[in-house]
Amino acid sequence: MNLSRQQQEEHIRRIMELYGDLLYRMSLSVVGNSSDAEDMVQDTLVTYLTEAPEFPDEAHEKQWLVKVVRNNSLMLVRKQKNRERILSEQSRVSTGKDADYGILDVLQTLPDKYRAVLVLFYVEEYSAEEIAKVLKKSVSAVKMRLKRGREMLAERYKERNQ
Amino acid sequence: MKVEDLLKEAMGEQKLSEDARERIVSGALKRVPETVSKPEKQPFYCSPLFRRVSVGLCACIVLFIGLYYISVIRFGETKNADTSAAPMESDAVGEREKDESKSAANAQTLSPVGESAYSKDTVYYKISSDQVMILGNGKTIKAPGTTEYAEPTTESQDFDLLNVVLEPVRKYVEDLKEPAPYVLIEVSEENGVVKAVLEPVTSDVLNEYKLDSDLVQGGTYLSPELKEKKEEDGGTLTVYLEKDPETGSYRVVSAISDPYIGK
Chain F
68 MNLSRQQQEE HIRRIMELYG DLLYRMSLSV VGNSSDAEDM VQDTLVTYLT EAPEFPDEAH
128 EKQWLVKVVR NNSLMLVRKQ KNRERILSEQ SRVSTGKDAD YGILDVLQTL PDKYRAVLVL
188 FYVEEYSAEE IAKVLKKSVS AVKMRLKRGR EMLAERYKER NQ
Chain C
47 MKVEDLLKEA MGEQKLSEDA RERIVSGALK RVPETVSKPE KQPFYCSPLF RRVSVGLCAC
107 IVLFIGLYYI SVIRFGETKN ADTSAAPMES DAVGEREKDE SKSAANAQTL SPVGESAYSK
167 DTVYYKISSD QVMILGNGKT IKAPGTTEYA EPTTESQDFD LLNVVLEPVR KYVEDLKEPA
227 PYVLIEVSEE NGVVKAVLEP VTSDVLNEYK LDSDLVQGGT YLSPELKEKK EEDGGTLTVY
287 LEKDPETGSY RVVSAISDPY IGK
């Protein structure tokens, strides 16, 4: 299937309209800074234009995009020699509110597998079944990660704010 | 407030600004060619997974073949050591039948170049330059023709002569009560009498002529005691042949047998 420049633009504008924030937040939860997260969204769009298969419906398309942005973000993080450098960058996640900054900061300290399920479940309001499909895990594994991730997040947040 | 609510609130506020969206879209458009043709679905054999699996399988097959040949070589060496030490009395009927079939199969694999192969169900031998001859009970001989002999027999060896005396010598060896595998090490003619010197196959002979011990299934016929004496004394079997004036062919007129082999 050949896409003209106009069609390409239409496609990615539609993607950005529908899933832009979702992809950004997913990436942000992994890479921990906004500039890298934006780059990962852009990489995902490029992948979409060059490699995306035909999707039977929007749900499949969304699922594919979430997978790609997460994989791209994980690869970026793995490439970083020192993860602490990412956390200490000036463009670190911040909303300007101390409390909000705190919870996202704590979120960055969790292992990737917990971060992904927490963001998808509590922020993007995915069901456990949907998360299981995206992450290719069993529903029970997703629920277990949710439980542990939540406990870990609460524990660390509490420690930080004591 | 629960942490999950805090998380939802904080993450919910993380949104792309309009500038960021434009930046992302324009950046993505710059990075792809103006006309993108989405790749068509490739057949399964073009997939990287198939390539990896194929390469893996090929590597396994090569490894298996390599290991097989190594094990054959190693097993052969071990068997040589075993057979040179083991007496022939242990030759079982089943083993002999097995050897027969192997011998027959090996006889068919003789190289046609530079060889003179003869088969009479039980005896195989080969003659060509720089090669010795194996005579004896074919049931105990395997594929002489496939062995490379690095050592020449004797400088005086006349291969034409050898060819004509070969058959009577072979028959003579076959007629021995207990024919052992022999190596024909020398053929010479003096005053019309042809002398053929044969040596029974022992581990020493195999080593000397660089023969493959697989030639002689079960090793020497000599018992360990006789073998020891033979290796000390170096006994041989010497066959004398004369030309029959009537038929023109050679016949055995006398033989000096190795005392440790018996006749």
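Sequences listed follow chains F and C, in order. In terms of our numbering, the first sequence is residues 68 to 229. In terms of our numbering, the second sequence is residues 47 to 309. The beta-carbon is built from N, C-alpha and C at its ideal position, and this holds for glycine as well.
Which of helix, strand or coil DSSP assigns to residue i
| i | result |
| --- | --- |
| T284 of chain C | strand |
| L70 of chain F | strand |
| S63 of chain C | coil |
| N139 of chain F | helix |
| N228 of chain F | helix |
| Y91 of chain F | helix |
| Q230 of chain C | Going by the sequence as given, residue 230 of chain C is Leu instead of Gln. In this structure, L230 of chain C counts as strand in the three-state DSSP scheme. |
| I187 of chain C | In this prediction, I187 of chain C scores a pLDDT of 34, lower than 50, which makes its location untrustworthy; the coordinate-derived value is nonetheless stated afterwards. If DSSP states are grouped into helix, strand and coil, I187 of chain C belongs with the strands. |
| V240 of chain C | strand |
| Y115 of chain F | helix |
| S300 of chain C | strand |
| K204 of chain F | coil |
| K289 of chain C | strand |
| E245 of chain C | strand |
| V209 of chain F | helix |
| S174 of chain C | Note that S174 of chain C has pLDDT 38, beneath the 50 cutoff, so the model's placement of it is unreliable and the number below is only indicative. Three-state DSSP puts S174 of chain C in coil, outside helix and strand. |
| E50 of chain C | helix |
| E191 of chain F | coil |
| E196 of chain F | helix |
| H78 of chain F | helix |
| E121 of chain F | coil |
| A221 of chain F | helix |
For residue j and residue i, believed in contact at Cβ under 8 Å, the rounded distance
| i | j | result |
| --- | --- | --- |
| L143 of chain F | I82 of chain F | That belief does not hold up - the Cβ atoms of L143 of chain F and I82 of chain F are roughly 20 Å apart, past 8 Å. |
| M57 of chain C | V186 of chain F | 6 Å |
| T284 of chain C | V243 of chain C | 5 Å |
| A195 of chain F | V173 of chain F | Their Cβ separation, rounded to whole angstroms, is 23 Å, which puts A195 of chain F and V173 of chain F out of contact at 8 Å. |
| S101 of chain F | L95 of chain F | 7 Å |
| R212 of chain F | V49 of chain C | Rounded, the Cβ-Cβ distance is 15 Å, inconsistent with contact. |
| V233 of chain C | V211 of chain C | 6 Å |
| V118 of chain C | Y218 of chain C | With a Cβ gap of about 35 Å, V118 of chain C and Y218 of chain C do not count as contacting. |
| M93 of chain F | R137 of chain F | 6 Å |
| Y91 of chain F | A104 of chain F | 5 Å |
| L63 of chain F | D179 of chain F | Any property of residue 63 of chain F remains undetermined from this structure, which presents chain F solely from 68 to 229. |
| L220 of chain F | L177 of chain F | 6 Å |
| T282 of chain C | E236 of chain C | With a Cβ gap of about 17 Å, T282 of chain C and E236 of chain C do not count as contacting. |
| V190 of chain F | K54 of chain C | 5 Å |
Beta-carbon neighbours of residue i, restricted to chain A and to distances below 8 Å
| i | result |
| --- | --- |
| R81 of chain F | Absence of chain A from the displayed structure is noted, the protein chains being F and C. |
Neighbouring residues, chain F, relative to residue i (Cβ below 7 Å)
| i | result |
| --- | --- |
| V99 of chain C | Those do not exist, as V99 of chain C stays about 21 Å from chain F at its closest Cβ, beyond 7 Å. |
| R120 of chain C | Going along chain F, no residue has its Cβ under 7 Å from R120 of chain C, so there is no contact; the nearest lies around 45 Å. |
| E50 of chain C | Y189 and R217 |
| A66 of chain C | E105 |
Under 8 Å from the C-beta of residue i: neighbouring residues of chain F
| i | result |
| --- | --- |
| V108 of chain C | Here the premise fails: no neighbours, minimum Cβ distance about 34 Å. |
| L75 of chain C | R72, Q75, E76 and I79 |
| I70 of chain C | M83, G87, E105, V108, Q109 and L112 |
Closer than 9 Å at the beta carbon, the chain C residues around residue i
| i | result |
| --- | --- |
| G99 of chain F | In chain order: nothing, as chain C lies at least about 11 Å away. |
| E77 of chain F | Those do not exist, as E77 of chain F stays about 11 Å from chain C at its closest Cβ, beyond 9 Å. |
| A126 of chain F | Within 9 Å Cβ-Cβ: nothing; A126 of chain F doesn't reach chain C, min ~20 Å. |
Under 7 Å from the C-beta of residue i: neighbouring residues of chain C
| i | result |
| --- | --- |
| I198 of chain F | Near I198 of chain F there are no residues of chain C at all, since even the closest Cβ is about 14 Å away, more than 7 Å. |
| R92 of chain F | M57 and Q60 |
| N224 of chain F | What sits at residue 224 of chain F in the sequence shown is Tyr, not Asn. Residues of chain C passing the Cβ test: V49. |
| V186 of chain F | M57 |
| A221 of chain F | V49 |
| L202 of chain F | Going along chain C, no residue has its Cβ under 7 Å from L202 of chain F, so there is no contact; the nearest lies around 18 Å. |
| L174 of chain F | L53 |
| L95 of chain F | Q60 |
| L132 of chain F | Under the 7 Å cutoff, chain C gives no residues; its nearest Cβ is about 13 Å from L132 of chain F. |
Cross-chain neighbours of residue i in chain C, by beta carbon under 8 Å
| i | result |
| --- | --- |
| V190 of chain F | L53, K54, M57 and G58 |
Using 8 Å as the cut-off, can you tell me whether the region 193-213 of chain F makes contact with the region 118-138 of chain F, which would need three or more C-beta pairs spanning the two stretches below that distance? The region 193-213 of chain F, when compared against the region 118-138 of chain F, does touch it at the 8 Å Cβ threshold.
Check whether the region 120-128 of chain F touches the region 166-181 of chain F, counting contact only when three or more Cβ pairs, one atom from each stretch, lie closer than 8 Å. Contact between the region 120-128 of chain F and the region 166-181 of chain F is absent, because fewer than three Cβ pairs lie under 8 Å.
Contact between the region 54-74 of chain C and the region 111-120 of chain F is defined here as three or more beta-carbon pairs at a separation below 8 Å; is this criterion met? Remark: three or more beta-carbon pairs, one from each stretch, lie closer than 8 Å, so the region 54-74 of chain C and the region 111-120 of chain F are flagged as touching.
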